[in-house]
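Chemist: First the structure, then my questions, so here it is.
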Amino acid sequence: MSTPLLMPALSPTMTEGGIVGWRKKEGEDIRAGDILVEIETDKAVMEVEAAADGVLERILVPADGAPVAVGTAIAMLGDGGEARAPAPPRAPEREPPAATPSAAIPQTGARADPPQARKAVTPIARRLAAELGVDASRLAGSGPGGRVLKADVMNAAESRRAHAPADAPSGDACVRLTVDCEVDDLAQWMSELNGEGLRLALEHFVVAACVRALNRFPQVNATRENGSTVRHADANIAVAVPTPDGLAMPVLLRAQDKGIVQLSEEMRALEESARQGALVPEQSRGGTFAVLDAGRWGVRTCSAPVQAARACTLSLGAAERRPVARGDGVAVATVMSCTLTVDPGLVDVAAAAAFLADIKQSLERILTMLL
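Numbering (full-length UniProt numbering), first residue to last: 1 to 371.
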């Protein structure tokens, strides 16, 4: 007697799965507990065992990773002792994916990649990656043997969306405000603290100054959500980190509850995770204000756009020695330019200007951050 093997529901929420490998061939005897097929769900590749002894009479769905609804017949199983019943028609053959330059026949003398290298990405993950524009070859697979699964591709796409602009105004619609901050006193104080074993950088103090200013000017701590302006109580600071794949924007959550030392430690930890590609999507969500340190590249001024529907982005230039006016004379000081890019649809420009002036005061009169 023949019975159909149905696509199983491997989790309470599963509605479809992709077959990525048949462990048995048509006509092959099977025993209870043998692995019959590998099925990819949204989260993992899972092995399906035979429930009883018998024969794999016919495979109805090929192992190409294409989505198959739960409850669909994927194979016919027999007990091996009776004539086989007519099987449902096979699933129509699917066209193979078009050849890509990477799959071209190597030139004479070149060696093709080993077969296992081409199997590092499951078919369903490869198809989804092409649709979402994700480079699957750069992902760390969570499947057996390091294979890249559908879930890996979805996580990568979601992380990229978290870093990308959303509902941001055009460059022409933004307002840019710039102040020059003299930071000699701050640099001296920072040097003394680091001499006591701390690891503080200028950017850490800027973030602390931003947190203080956001508390004093809460209207700046805003985002656009579904066309409406949302004011936030928590100062969640997104900090730009250069990585091989571009800028990442990990978020310091509830920065208003943390001192300068804790802020610096968390920033270093997030930066290290970003550079290693180890950030999870949750670490790039929820930013209500952003800081970009362009001074690390020696840039004097920068006006980064507002992103991810935030109201403002603060861009830092390099701290450099410049001539400054001192009464009727001229002196030389360490000066850093700070530019605030503002979405005037979310924040009044006058409030943004007062906010930036507060940051300047904190950086030039460092003791005010203790008040």
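Where is the CB? At the ideal position from N, CA and C, for every residue including glycine.
Just so we're clear, the structure is a prediction, and the values are computed from it rather than from any experiment.
(1) Over the uninterrupted alpha helix (DSSP H) stretch that includes cysteine 338, give me the two end residues.
(2) Quick check on lysine 150: buried or exposed, where buried means 16 or more other Cβ atoms within 10 Å of its Cβ?
(3) Got a sec, what are the start and stop residues for the beta strand (DSSP E) isoleucine 237 sits in?
(4) Quick one: is proline 250 buried, meaning 16 or more other Cβ sit within 10 Å of its Cβ, or exposed?
(5) Does the distance from the CB of leucine 316 to the CB of glutamate 203 come in under 8 Å?
(6) Note down the Cα distance separating proline 62 from threonine 15, rounded to an integer number of angstroms.
(7) Could you spell out where the beta strand (DSSP E) holding methionine 190 opens and where it closes?
(8) For leucine 139, which residues from the same chain have a beta carbon less than 6 Å from its beta carbon, with the 5 sequence-adjacent residues on both sides left out?
(9) Considering cysteine 210, what are the terminal residues of the alpha helix (DSSP H) in which it resides?
(10) List the endpoints of the continuous beta strand (DSSP E) containing proline 123.
(11) Just to confirm, are serine 264 and arginine 199 a CB contact at a threshold of 8 Å?
(12) Three or more C-beta pairs closer than 8 Å, one from the segment 222–235 and one from the segment 348–364: is that the case here?
(13) Please report the straight-line C-alpha distance between valine 20 and valine 55, rounded to a whole angstrom.
(14) Whole angstroms are fine: how far does the CA of isoleucine 74 sit from the CA of arginine 31?
(15) Consult DSSP for residue 373 and reduce its assignment to one of helix, strand or coil.
(16) Which residue from Ala209, Leu6, Thr13, Ala354 puts its Cα closest to that of valine 37?
(17) Can you say whether glutamine 283 is buried or exposed, counting buried as having 16 or more other CB atoms within 10 angstroms of its CB?
(18) Is leucine 263 helix, strand or coil when you go by DSSP?
(19) Which residue from Met369, Thr3, Pro4 puts its Cα closest to that of tryptophan 189?
(20) Could you work out which residue in Val261, Val220, Thr178, Arg212 is closest to glutamate 196 when comparing CA atoms only?
(21) Report yes or no: do three or more beta-carbon pairs, one from the segment 293–300 and one from the segment 263–280, lie closer than 8 Å?
(22) Can you tell me the Cβ-Cβ gap for asparagine 215 and histidine 232, rounded? I've got them flagged as a contact below 8 Å.
(23) Find the nearest neighbour of alanine 309 within the set Ala351, Thr339, Gly345, Asp53, judged by alpha-carbon distance.
(24) Got a sec, what are the start and stop residues for the beta strand (DSSP E) isoleucine 59 sits in?
(25) Please state if the CB of isoleucine 39 and the CB of leucine 186 are separated by a distance shorter than 8 Å.
(26) Are there 16 or more other CB atoms within 10 angstroms of the CB of glycine 18, so buried, or fewer, so exposed?
(27) If alanine 9 sits next to valine 48, beta carbons under 8 Å apart, how far is it from one beta carbon to the other, in whole angstroms?
(28) Tell me the DSSP secondary structure of valine 251 in three-state form.
(29) With distances taken Cα to Cα, identify the nearest neighbour of alanine 50 among Asp42, Glu266, Thr3.
(30) In the DSSP assignment, find the unbroken alpha helix (DSSP H) run with aspartate 293 in it and report its ends.
(31) For proline 323 and serine 337, I'd like the C-alpha separation in whole angstroms.
Modeler: So, to answer that:
(1) Looking up residue 338 in the sequence shown gives position 338. No alpha helix (DSSP H) holds cysteine 338; the beta strand (DSSP E) holding it covers 329–342.
(2) The count along the sequence shown starts at 1 and reaches residue 150 at position 150. Looking at its Cβ environment, which holds 16 or more other Cβ atoms inside 10 Å, lysine 150 is buried.
(3) Counting from one through the sequence shown, the residue named residue 237 turns up at place 237. For isoleucine 237, the enclosing beta strand (DSSP E) starts and ends at 237–239.
(4) For the purposes of this step, residue 250 is taken as the residue at position 250 of the sequence shown. So proline 250 counts as buried.
(5) Here residue 316 refers to the residue found at position 316 of the sequence shown. Here residue 203 refers to the residue found at position 203 of the sequence shown. In contact: leucine 316 and glutamate 203 (Cβ atoms closer than 8 Å).
(6) The residue you call residue 62 lines up with position 62 of the sequence shown. The residue you call residue 15 lines up with position 15 of the sequence shown. Cα to Cα, the separation comes out at about 19 Å.
(7) For the purposes of this step, residue 190 is taken as the residue at position 190 of the sequence shown. From DSSP, methionine 190 is part of no beta strand (DSSP E) but of the alpha helix (DSSP H) over 184–195.
(8) Position 139 of the sequence shown, counted from the start, is the residue given in the question as residue 139. The answer, listed in chain order, is Val148, Asp152, Ala156.
(9) Taking the first residue of the sequence shown as position 1, residue 210 is located at position 210. Run containing cysteine 210: 202–216, per the alpha helix (DSSP H) assignment.
(10) Within the sequence shown, residue 123 is the residue found at index 123, counting from 1. From DSSP, proline 123 is part of no beta strand (DSSP E) but of the alpha helix (DSSP H) over 123–132.
(11) Sequence index remark: in the sequence shown, residue 264 carries index 264 (1-based). Sequence index remark: in the sequence shown, residue 199 carries index 199 (1-based). For serine 264 and arginine 199, yes; Cβs fall inside 8 Å.
(12) no
(13) As a working mapping, residue 20 is identified with position 20 in the sequence shown. As a working mapping, residue 55 is identified with position 55 in the sequence shown. The straight-line gap from Cα to Cα measures roughly 20 Å.
(14) Residue numbering aside, residue 31 sits at position 31 when the sequence shown is read from its first letter. Residue numbering aside, residue 74 sits at position 74 when the sequence shown is read from its first letter. Across the structure, arginine 31 and isoleucine 74 are spaced so that their CA atoms are roughly 18 Å apart.
(15) The question about residue 373 has no answer here: the residues shown for the chain are numbered 1 through 371.
(16) Along the sequence shown, read from residue 1 onward, the residue named residue 37 stands at position 37. The shortest C-alpha separation from valine 37 is found at Leu6.
(17) Translated into positions along the sequence shown, residue 283 becomes position 283. Under this definition glutamine 283 is a buried residue.
(18) The residue labelled residue 263 in the question sits at position 263 within the sequence shown. In this structure, leucine 263 counts as helix in the three-state DSSP scheme.
(19) Locating residue 189 in the sequence shown gives position 189, counting from the first residue. Checked all of Met369, Thr3, Pro4; the closest Cα to tryptophan 189 is Met369.
(20) One-based indexing of the sequence shown puts residue 196 at position 196. In terms of Cα proximity to glutamate 196, the closest of Val261, Val220, Thr178, Arg212 is Val261.
(21) Segments in contact, no.
(22) The residue given as residue 215 occupies position 215 in the sequence shown. The residue given as residue 232 occupies position 232 in the sequence shown. 12 Å between Cβ atoms; not a contact.
(23) On the sequence shown, residue 309 is found 309 positions in, with the first residue counted as 1. With distances taken between Cα atoms, alanine 309 lies closest to Gly345.
(24) The residue given as residue 59 occupies position 59 in the sequence shown. First-last of the beta strand (DSSP E) with isoleucine 59: 54–59.
(25) Reading the sequence shown from its first residue, position 186 is the one you call residue 186. Reading the sequence shown from its first residue, position 39 is the one you call residue 39. Not in contact: leucine 186 and isoleucine 39 (Cβ atoms no closer than 8 Å).
(26) Indexing the sequence shown from 1 puts residue 18 at position 18. Label assigned to glycine 18: buried.
(27) Position 9 of the sequence shown, counted from the first residue, corresponds to residue 9. Position 48 of the sequence shown, counted from the first residue, corresponds to residue 48. Contact doesn't hold; Cβ gap of about 11 Å is too wide.
(28) Counting from one through the sequence shown, the residue named residue 251 turns up at place 251. The answer is strand: DSSP assigns valine 251 an E or B state.
(29) Position 50 of the sequence shown, counted from the start, is the residue given in the question as residue 50. Measuring C-alpha to C-alpha distances from alanine 50 to each of Asp42, Glu266, Thr3 identifies Thr3 as the nearest.
(30) As a position in the sequence shown, residue 293 is number 293, starting the count at 1. Careful: aspartate 293 lies outside any alpha helix (DSSP H), inside the beta strand (DSSP E) at 289–293.
(31) Sequence index remark: in the sequence shown, residue 323 carries index 323 (1-based). Sequence index remark: in the sequence shown, residue 337 carries index 337 (1-based). Going by the C-alpha atoms only, they are around 14 Å apart.
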